Amino acid sequence: MASSDDEDLRLAMAMSLQQSPTGVAGDSTIIDLTSDTYEEEEEELRRAIALSIQDTEIKGVLHANTTTTTTTETPATTNETSTTTTGPATGFMGIDRKAMEQERLARLGKRKREPSPGRPSKQVARSPAVTEPPHHPTLQYPKGVIKRTFATKYPRTNDITLDELLEASKVHTAVISSFMFESDWLYVKLDPRTTKQIWLMNAPGEDVQQKRMKELEETGVPNLKLHFPPMNGIRSMHSKFMLLWGKEKLRVVVPTANMMRLEWGEVANTWQPGCMENSVFLIDLPRRGDDTLGQKGDLTPFGRELLHFLEKQNVGQKVTDGVLKFDFAQTSHLAFVHSIGGSHKTEPAHATGLAGLAQAVRDVQCDEVEHIELEYASASVGAINDTFLSRIYLAARGEAFTTTSSVSNPRDHIRIYFPTNETVEKTTGGPDCGGIISLSRQYYSAATFPKECLRDYDSTRRGMLSHNKLLFARGRKTNGEPFAWVYVGSANMSESAWGGQRVLKSGKVGSLNIRNWECGVVVPVPDDNFQQLKLEQDEVPPMSVFEGIIEVPFHFPGAEYEGRQPWFRLG
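Just so you know, the sequence shown maps onto residues 1 to 571 in full-length UniProt numbering.
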């Protein structure tokens, strides 16, 4: 499996180098996430402009993630090459710095005549501003939502653009984690000269990290620091999340998308429609009323696991203290799920990987299961077998994997949504867009691979290719009550993402070995949704139970392959 994963990664490296450059920083400048007053933002902006004017002809670039660590996800080959091959001289990340400085100065002058950007902007203030208490603004997503990513030239339904999600004019600090970055595009979306940023990146070793540190130093970009989570024994930093600090709220975002234009439904021209779709969870947390740091012990399970994940990624106390200044009370119905890379020889205090998923199911009170059905939409599929399916099945029931665990016929209860070769050929982007969708022919050809579980991923937005990682669960509890929940996050259907664990010859359960950093959110379906259904006794709720929670992005039930071949990225 390792050799195939390495081949996947080499392709990812080669293709990434053709994409827009990105960076990894070792900048010693401390980005203070707890000092967030308007006056400090003004000073940061003035400093950023001054630094930028001194360096309008910056040399050096930050290359895209080039790792030698294992992953099953690779960037797509697209037509998204830079269009700035002629015209004004450009610097860091292909941006015309001089022109952008003029725009920034103009905006700064306008900003001095208008209210603080921390207050509601005209774009989102649909009610009179005077009705909003200054310290208790109306939050857009106080309970959390799941949305589809925007797709150019497709009808707007329950989707969201990256601009709508970021609300850049209201964000003074951002922490962004992604496996891949299209940095010139993101730089325009969220300018580090006006927004302090930390990017969590995938990087293999100290030599590469030092190289990236030097590259970033040469660019002189202000307010941008990039961070490497610990990678000892870990092959891929694959987690995707954003923490967006505003004056009155912290927006927590968990997408299935990388920070790439293609994956957020945008294109680099005016004629091409979007070709790839993703999903995103987001929630707005209000600032604590007393403006003090909350205590870890007082957090909801969602808050505790999010904070634990950040601590394990070594993001620093400035970040975690910044998170603790906000109120997690409205996250009590949610669960944050993580995969912390490495070998876990003993049961950790904070369950991770599939054990973490099982704990999340218990936290949202969807355990004690009599019957369950699972639909897993995955952008990549690893070397899975019945043992792995059984562990997924147990975790989805909220049960631990033990030496006595036994699941009969897990293939009867799990469907995996992954596109056929025919479907990819017919998508808007075609095979060129399919480079990021991964299934090895070697894995598929193995006698132990559960081929009958595969279903063709056919998007409800015709022609779209999926990069989603979604797990839908529906069933009945032992007391007869129906339940349903959905996981949205970065974890694909693989042991690299969820962790491998075996029963040893000694009869004991071996170490939990996780190759990737991953994270996601479990959102349960509320009781009201079931009351609207007229279910027969013991009937499993239909997929329509998710209406109002998530717009299911694929046609259900998915078509069986019936002799068709899956999409093999490597041919």
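Virtual Cβ for every residue (Gly too), placed ideally from N, Cα, C. Predicted, not measured: the structure shown is a model, and the values here were computed from it.
Reducing DSSP to helix, strand and coil, say where residue i ends up.
i	result
Phe483	strand
Gly356	helix
Arg415	strand
Leu389	helix
Pro431	helix
Cys519	strand
Tyr376	strand
Lys345	coil
Thr402	coil
Lys508	coil
Pro566	strand
Val552	coil
Leu471	strand
Val315	coil
Thr219	helix
Ser339	strand
Thr81	Summary for Thr81: the model assigns pLDDT 33, below 50, so the residue's position carries little reliability, and this model does not support an answer.
Ile436	helix
Ser544	helix
Which one of the options has the shortest CA to CA distance from residue i?
i	options	result
Gly548	Gly205, Asn529, Pro542	Asn529
Ile146	Ile160, Arg502, Leu139	Ile160
Glu182	Leu293, Ile437, Arg261, Gln209	Arg261
Leu226	Phe179, Leu293, Asn232	Phe179
Val540	Trp485, Arg569, Val522	Trp485
Asn258	Leu250, Ser169, Thr149, Arg212	Thr149
Leu139	Gln317, Arg287, Gly303	Arg287
Pro482	Gly507, His350, Asp538	Asp538
Arg251	Ser236, Arg391, Glu305, Lys170	Lys170
Ile414	Ser445, Gly429, Lys451, Ser236	Lys451
How would you call residue i, buried or exposed, if buried means at least 16 neighbouring beta carbons within 10 angstroms?
i	result
Gly398	buried
Glu536	exposed
Pro155	exposed
Leu504	exposed
Val188	exposed
Thr346	exposed
Ala447	exposed
Pro526	exposed
Gln501	buried
Thr195	buried
Asp184	buried
Thr402	exposed
residue 588	Nothing about residue 588 can be read from this structure; the chain reaches only from 1 to 571.
Arg564	exposed
Gly205	exposed
Gln317	exposed
Thr270	exposed
Glu562	exposed
Lys247	buried
Lys249	buried
Gly289	exposed
Ala349	exposed
Using a Cβ-Cβ cutoff of less than 7 Å, which residues in the same chain neighbour residue i once the five nearest sequence positions on both sides are dropped?
i	result
Gly353	Ser339, Trp498, Gly499, Leu512, Ile514
Thr427	Cys275, Cys433, Gly463, Met464, Leu465
Pro301	Ala335, Asp363
Phe228	Val24, Met201, Ala203, Gln209
Ile142	Before going on, a small fix: residue 142 reads as Pro here, not Ile. Counting only Cβ-Cβ distances below 7 Å, and skipping sequence neighbours, we find Asp284, Gln330.
Asn158	Lys147, Arg148, Glu551
Thr320	Leu307, Leu310, Glu311
Ile416	Tyr376, Ser378, Val381, Cys453, Leu454, Arg455, Met493
Gly87	Because the pLDDT of Gly87 is 37, which lies under 50, any placement of that residue in the model is unreliable, and the number read from its coordinates should be weighed accordingly. Taken in chain order, the list of residues that qualify is empty.
Ser459	Glu277, Ser466, Pro553, Phe554
Output needed for residue i: all residues of its chain with C-beta closer than 8 Å, excluding positions within five of it in sequence on either side, in chain order.
i	result
Phe449	Ala383, Ile384, Asn385, Tyr443
Thr544	Here the sequence assigns Ser to residue 544, which means Thr is not the residue at that position. Leu533, listed in sequence order.
Asn567	Sequence check: residue 567 is Trp here, not Asn. Here the set comprises Phe418, Pro419, Thr420, Asn421, Thr423, Val424, Gly434, Ile437, Leu439.
Gly510	Gln501, Arg502, Val503, Leu504
Gln197	Ile31, Thr173, Ala174, Val175, Ile176, Leu190, Asn223, Leu224, Lys225
Arg126	Legend: pLDDT at Arg126 = 37, less than 50; position of this residue unreliable, value from coordinates given subsequently. Taken in chain order, the list of residues that qualify is empty.
Met231	Thr69, Ala203, Pro204, Gly205, Met237, Gly341
Less than 6 Å between C-beta atoms, sequence neighbours within five positions excluded: which residues of the same chain meet that for residue i?
i	result
Met242	Ile176, Val253
Arg474	Glu373, Ala484, Val540, Pro541
Gly558	Tyr417, Arg455, Asp456
Ala395	Leu354, Leu357, Ala358
Met237	Asn202, Pro229, Trp517
Phe281	Ile146, Val254, Val488, Val521
Phe556	Met543
Val361	Asp367, Gly398
Open item on the list: Whether or not the segment 467-483 and the segment 401-408 are in contact is what I'm after, with contact meaning three or more pairs of Cβ atoms, one per stretch, closer than 8 Å; do they touch?
Closed with: With a cut-off of 8 Å, the segment 467-483 and the segment 401-408 do not count as touching, because too few Cβ pairs lie within range.
Open item on the list: Does the structure place the segment 283-294 close enough to the segment 476-496 that three or more beta carbon pairs sit under 8 Å?
Closed with: Segments in contact, no.
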